[in-house]
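Protein chains: 2
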Amino acid sequence: MSEDETRHRAKMAKRKALQDAEVAAKTIEKGLLIVNTGPGKGKSTAAFGLALRMIGYGRKVAIVQFIKGAWATGERTALARFDDLVTFHTMGEGFTWETQDKSRDIAASQRAWATAATLLADPEIALVILDELNIALRYDYLPLDPILAAIAARPHPMHVVITGRNAKPALIAAADLVTEMSATKHHFAAGVKAQQGIEF
Amino acid sequence: MSEDETRHRAKMAKRKALQDAEVAAKTIEKGLLIVNTGPGKGKSTAAFGLALRMIGYGRKVAIVQFIKGAWATGERTALARFDDLVTFHTMGEGFTWETQDKSRDIAASQRAWATAATLLADPEIALVILDELNIALRYDYLPLDPILAAIAARPHPMHVVITGRNAKPALIAAADLVTEMSATKHHFAAGVKAQQGIEF
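As given, the protein sequences belong to chains A and B, one line each in that order. Just so we're aligned, residue 138 is where the first sequence starts under the numbering used here, counting upward by one. Just so we're aligned, residue 138 is where the second sequence starts under the numbering used here, counting upward by one.
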């Protein structure tokens, strides 16, 4: 073995020992409250990726879309192949600048939340995705406190993912895992349009 | 209509006009080079979410995993239901601190890249995911230049996603879309272990 390889092995053995100790120190299993926020891409997409992972284990997933109506057609079509495991509730009527009607947006948000509350109480479901809920919260279409209470009262092993920009500080405080997606570089700035399979 | 609602409608009409003008200004359609990097969660998961979206339109996806071997079993099982559309190439033998063998890691990376190069030349494929390629690049297991050349020479409409921490500056420079995932809050810090459906 060369000197470089010996050094590499020693370094990696040390790293593995640290890694193993770290893994051993983590013993808690719990349903996580996950928040994907920030201005970058990948908030909803990562939530759908988690859904895919979960159904790979034969576990049930429920998705409520608070804002997007016509969007997300690609993943909805694909997930239809798992209709034994996935339920899809598209409750939003589009972005709030599309409807231009605050009362209608509030009513749609309330209907979506009523559905979400039922799902959050169902012990059969392993993962509930509340897609773009942060948008409804940001415009104060829904109060945060009853939502946090319902999430806290969910059956223990259930994971919950909430997506959307501008997550409220109280939601971040309650969450177990918060990821901020930031756009280091975005193709829209270079004049590239929304394309099938990428944006929708 | 109340005064608040009238104000809301005016504000949203203005926002919609801006939004529509912005959308109209974007006319370019092209295969994107997408990079998901940063220390936070969701880099690979968002890539798998994009795969799901793409297969929803009946388009082909190929995934090469450069590092993870035993991991990603959930999404692999789920995507097996789409074996008409998705090919999965798990070429890595685990994290480099697991193998502790630099020559073996380099050989595995080279095999993975040979497979990736073939896929990047296939005009039938709509999306190629090079999962954790950034790790192999970071340890200099593979040179970046031939990879950038192969990506640049790919059939025009193909999208490519590269994931992993510490994306190289030259890769970021070449990319159309770069998202940095940062961990605002992470459950591992609170002693929660890796769980089925969330981490693997």
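Don't be surprised by glycine CBs; every beta carbon is placed ideally from N, CA and C. Note that the structure is predicted; figures quoted are calculated from it, not measured.
For residue j and residue i, the rounded distance between their alpha carbons
i      : j      : result
E166/A : D141/B : 46 Å
P306/B : I272/B : 14 Å
M138/B : Q247/A : 20 Å
D313/A : P260/B : 42 Å
E159/B : A326/A : 10 Å
D277/B : S240/B : 12 Å
W250/B : V172/B : 17 Å
R291/B : D221/B : 22 Å
M149/A : A254/B : 29 Å
K197/B : A184/B : 14 Å
G175/A : T321/A : 12 Å
G328/B : L308/B : 35 Å
L281/A : V201/B : 41 Å
S181/A : G229/A : 15 Å
R144/B : A245/A : 19 Å
I262/A : D268/A : 16 Å
I204/A : A304/A : 15 Å
H296/B : L264/B : 5 Å
L279/A : T252/B : 49 Å
A215/A : E317/B : 27 Å
G195/A : G334/B : 10 Å
L274/B : D242/A : 47 Å
F219/B : E336/A : 21 Å
G179/B : G179/A : 8 Å
D157/A : V315/B : 32 Å
W234/B : W234/A : 50 Å
A217/A : G177/A : 27 Å
R302/B : F225/B : 21 Å
T164/A : L155/A : 16 Å
Those residues which DSSP pairs with residue i across a bridge
i      : result
K197/B : I262/B
S319/A : E317/B
D141/B : Its beta-bridge partners do not exist; DSSP assigns none.
D268/A : Q202/A
Within chain B, partners of residue i - CB distance below 8 Å
i      : result
N173/A : G179
G301/A : Ordered by position in chain B, no residue passes the 8 Å Cβ test against G301/A, which lies about 14 Å from the chain.
E269/A : Simply none; closest approach about 14 Å.
R218/A : R218, F219
First through last residue of the beta strand (DSSP E) which encompasses residue i
i      : result
I335/B : No beta strand (DSSP E) holds I335/B; DSSP gives it neither H nor E.
I171/B : 170-174
T164/B : Neither: T164/B is in no beta strand (DSSP E) and is coded neither H nor E.
H226/A : 223-227
Chain-ordered chain A contacts of residue i [CB-CB under 7 Å]
i      : result
L264/B : G334
H145/B : K239
Partners in chain A for residue i, counting only beta-carbon separations shorter than 8 Å
i      : result
D313/B : K322, H324, A327, V329
T214/B : G193, Y194
K163/B : F325, G328, V329, K330, A331
Contact set between residue i and chain A, taken where Cβ atoms lie within less than 9 Å
i      : result
M228/B : The contacting residues do not exist; M228/B stays about 19 Å from chain A at best.
I309/B : T321, K322
R341/B : The question about residue 341/B has no answer, for chain B in this structure spans 138 to 337.
E235/B : M149, K153, Q156
Option in the options with minimal Cα separation from residue i
i      : options                        : result
Q332/B : H323/A, T182/A, L187/A         : L187/A
R152/B : T236/A, T321/A, P294/A, A258/A : T236/A
G193/B : T164/A, K178/A, E212/A, A184/A : E212/A
L256/B : I284/B, A147/B, I243/B, Q156/B : I284/B
V223/A : P176/A, A199/A, W234/A, G175/A : A199/A
T227/A : R190/A, I266/A, A258/A         : I266/A
T210/A : L189/B, F225/B, I288/B, T252/B : L189/B
L169/B : G195/B, A287/B, A286/B, V298/B : V298/B
P294/B : M191/B, E317/B, L274/B, Q156/B : M191/B
A258/A : L274/A, I243/A, H324/A, I288/A : I288/A
D238/A : F337/B, E336/B, A147/B, K330/B : A147/B
A310/B : R302/A, A311/A, V315/A, H323/A : H323/A
K330/B : A161/A, A154/A, K330/A, G177/A : A161/A
T300/A : L270/A, D157/A, K163/A         : L270/A
Alpha helix (DSSP H) segment containing residue i, residue limits
i      : result
I299/B : No alpha helix (DSSP H) holds I299/B; the beta strand (DSSP E) holding it covers 296-300.
R291/B : Here R291/B belongs to no alpha helix (DSSP H), and DSSP marks it neither H nor E.
P306/A : 306-311
G211/A : 210-216
W249/A : The sequence shown places Ala at residue 249/A, rather than the Trp named in the question. 239-257 is the span of the alpha helix (DSSP H), which, as asked, contains A249/A.
Cross-chain neighbours of residue i in chain B, by beta carbon under 7 Å
i      : result
L256/A : Here the premise fails: no neighbours, minimum Cβ distance about 16 Å.
L279/A : Chain B residues near L279/A: none, gap ~16 Å exceeds 7 Å.
F185/A : G186, L189
T224/A : Result: empty, since nearest Cβ-Cβ is about 16 Å, beyond 7 Å.
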